[in-house]
Every structure is written in C-alpha cells, then in structure tokens.
Amino acid sequence: MSSLGKPPAPGLQAIMALLFAAATASGCTLVEAAVGSKATLSCGVVPLENLIMISWTICSRTANWTMAYRNDTAHITTPPDVRLAWGPRPDRNPVLQINPVTITDDSFYRCDIATSEGNFGCGFCLSVLVPPVVSLVVAKDNRAVCEASVGKPAAQISWVPPGEHNTSSRTHHNGTVTVVSTYWGNSNLSDLVCLVGHVTGNRNLSMHGISGPGPSQLLPLFLTFSGILGILAIVGAIQFWKLKSNPRVSKSRNPGDTLRADEDVLEPYASYTERSNPLYSTRTEVAILQSSQRDDFLIGLRVL
Numbered sequence: 013m014s015s016l017g018k019p020p021a022p023g024l025q026a027i028m029a030l031l032f033a034a035a036t037a038s039g040c041t042l043v044e045a046a047v048g049s050k051a052t053l054s055c056g057v058v059p060l061e062n063l064i065m066i067s068w069t070i071c072s073r074t075a076n077w078t079m080a081y082r083n084d085t086a087h088i089t090t091p092p093d094v095r096l097a098w099g100p101r102p103d104r105n106p107v108l109q110i111n112p113v114t115i116t117d118d119s120f121y122r123c124d125i126a127t128s129e130g131n132f133g134c135g136f137c138l139s140v141l142v143p144p145v146v147s148l149v150v151a152k153d154n155r156a157v158c159e160a161s162v163g164k165p166a167a168q169i170s171w172v173p174p175g176e177h178n179t180s181s182r183t184h185h186n187g188t189v190t191v192v193s194t195y196w197g198n199s200n201l202s203d204l205v206c207l208v209g210h211v212t213g214n215r216n217l218s219m220h221g222i223s224g225p226g227p228s229q230l231l232p233l234f235l236t237f238s239g240i241l242g243i244l245a246i247v248g249a250i251q252f253w254k255l256k257s258n259p260r261v262s263k264s265r266n267p268g269d270t271l272r273a274d275e276d277v278l279e280p281y282a283s284y285t286e287r288s289n290p291l292y293s294t295r296t297e298v299a300i301l302q303s304s305q306r307d308d309f310l311i312g313l314r315v316l
C-alpha cells in the first residue's frame, strides 16, 4: 500500500488491478453518483466510545490512497486530491465526501475502524453515472440515425413505431459507451421517435419537419426565429402606415412658420394701435385749430 496519494510504481499496477478485482468480488455496497454531484460514503453505525483509529482506503485500477484519523492525537491525514475530505466530525461520523464527482472516481472504497472492542470494516463500490449526449439525424439514404454518445452505463435505444434497425456500441478508454442505432423501416420519418433510456433520465427525439440531413433539434429554433422576424415585420409596417397617415407627425416647424405665428399673436395689439391713432390725430388737429383761431383773434385786436 502506497502512502497518502502517492501513485504506485508501474510494476505494481498489475497487482493492484488484481487486488481491486478481489476487493470488489468479495462484496461491497453499490453506490451510484452522477458526474458533477456530491457523493457521501458512511461506515454506518459503529461503537465509537473506545475509538482508536479510522481509515479510508481508495483502491482504483491505477492508484491507491489512504486517509486516516487517530482519536488519541486527533491527527488527520488526507490525500492530495482536495475533492476528497472527511466529514465535520470524524470521531462521531466517519464519512468520506467526494465533491464534485468525476469519471475517475469510479473505484472501490473501504472503511476500517479500530476500537478497543475490536475492528470493523465495510466496502463501497462507487459507480459514476454519465448522462449521454443524444442526437437524431437523417442520413443521405433516407435512414434515421439516433446516437447516445459517451454515456455510462450504456444507453438503451428503441424506435416508435417499431421497424427494421441496427444498433451498435463502442466502449471508450474511460468506461463510457457510445450507442448508435440506424433505422430504415417503412414508417414515415416525420412520425418517427427515437427513445433513449438511461439511468440518469430518458430522452425522446422526434423527426417532425425534417426532410433532409441535420439534427432535429434545429427545427424548433428555425420556426421560432421565423416567427420573431414575421412579428417584427408586421409591427414595422403598422408604424410606417401610422406615420404616413398622420401628416402632423415628424414635421418640423421652419422659421417662416414661427414668424407668421408671432405676427398672428401681435395682430390684436397692432389693430388697437391703428384704432387709437385716429383719436390722437383728431385731438392734435383740434388743438392746432384752436391755437390758430386764438392767434387770429389777438391779431384783430391789435389792428383795432
């Protein structure tokens, strides 16, 4: 057993693979966790009153890690991978937390507890689940091809309505599987549905509106985009019609209009002045006439 996250020498990898197979064959509790989630492994209910030490051993096909807790010194050792950690209180609840789970965490984990009353242990087989990437296309020969890529475990593909098809699978180095199913039944492809079954969730893919090669997922996007363009065109036409039907909108006032408006505002005052000026003129003429008559009267007196 290597120490604290240090990978074994290349010559020991074959032996570790055998130990992994023996450990998993001897019996373990199966735990499933989706990639990206948080997994918690617990030793269960054990007497911790006279606890001496707790250890977790991670035994994979390529590495062997050990993390331990000593109750007398409260000393904790952990592997270099920060995703693996103890719970809040190892002396009360010796759990192992993995966050987030990756495809490489698909391993065998063993918990050992040493007490003054005896030793206790249990094993866990962690199975990492990877949801497949699904797609549905129409091939050039008018055949439907449904694919579930890099899933773990392998996805199950079926067709509705049933028809002649061929399904193949390919396993990758990391344990994921790609499944491809080709359908050439006599059914209308527009009514065809591909059913992809997987432990992480089932998917249904249809071929509505697809007449040539290409993923069926593009059809809803195309229809949505076309509808948005149509709505924008209608709204633009309505706004243009409103502008054309109302001549007062968007017409700016020129300086001539402003000058004529000012003249219209001042016109009552100008009329009042014109009506008043004759009065002033009449009064002036009367005053001049009276002054002339007085001068003539005075001249007459001097002559007498």
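Counting in my numbering, the sequence shown runs from 13 upward without gaps. No residue lacks a Cβ here, since even glycine has one placed at the ideal position from N, Cα and C.
In the DSSP assignment, LEU201 falls outside any beta strand (DSSP E), carrying neither H nor E. For the pair ALA80 and SER67, the CB atoms are nearer than the 7 Å cut-off. If you look at ILE115, you'll find it isn't in any beta strand (DSSP E); DSSP assigns it neither H nor E. Between SER202 and HIS177, the C-beta spacing is not below 7 Å.
In the three-state reduction of the DSSP assignment, VAL247 falls in the helix class. Inter-residue distance for GLY135 and CYS55 is about 8 Å (C-alpha atoms, whole angstroms). Taking TYR121 as reference, the option from PRO102, ILE70, LYS50 and VAL150 with the minimal CA-CA separation is ILE70. Spatial neighbours of ILE64 in its own chain (CB-CB distance under 8 Å, excluding positions within 5 residues in sequence) are listed in chain order as ARG82, ASN83, ASP84, ALA126, THR127 and SER128. Going by beta carbons, VAL113 and ALA45 fall inside the 7 Å limit.
Residue environment analysis places VAL172 among the exposed positions, since fewer than 16 neighbouring C-beta atoms fall within 10 angstroms of its C-beta.
A Cβ-Cβ distance of about 13 Å is found for the pair GLU159 and THR188, leaving them out of contact under the 8 Å criterion. In the DSSP annotation of this structure, the continuous segment of the beta strand (DSSP E) that includes MET79 starts and ends at 76-82.
Cβ contact annotation for THR90 (same chain, cutoff 6 Å, sequence separation greater than five): MET79, in chain order. Taking a 10 Å sphere around the C-beta of ILE243, we find fewer than 16 other C-beta atoms and assign the residue as exposed. Per DSSP, CYS71 is one residue of the beta strand (DSSP E) stretching across 63-71. Boundaries cannot be given for VAL94, as no beta strand (DSSP E) includes it and DSSP labels it neither H nor E.
Of the candidates LYS164, CYS137, PRO102 and ARG182, the residue whose Cα lies closest to the Cα of GLU61 is PRO102. The shortest CA-to-CA distance from SER49 to any of THR41, SER139 and SER161 is the one to SER139.
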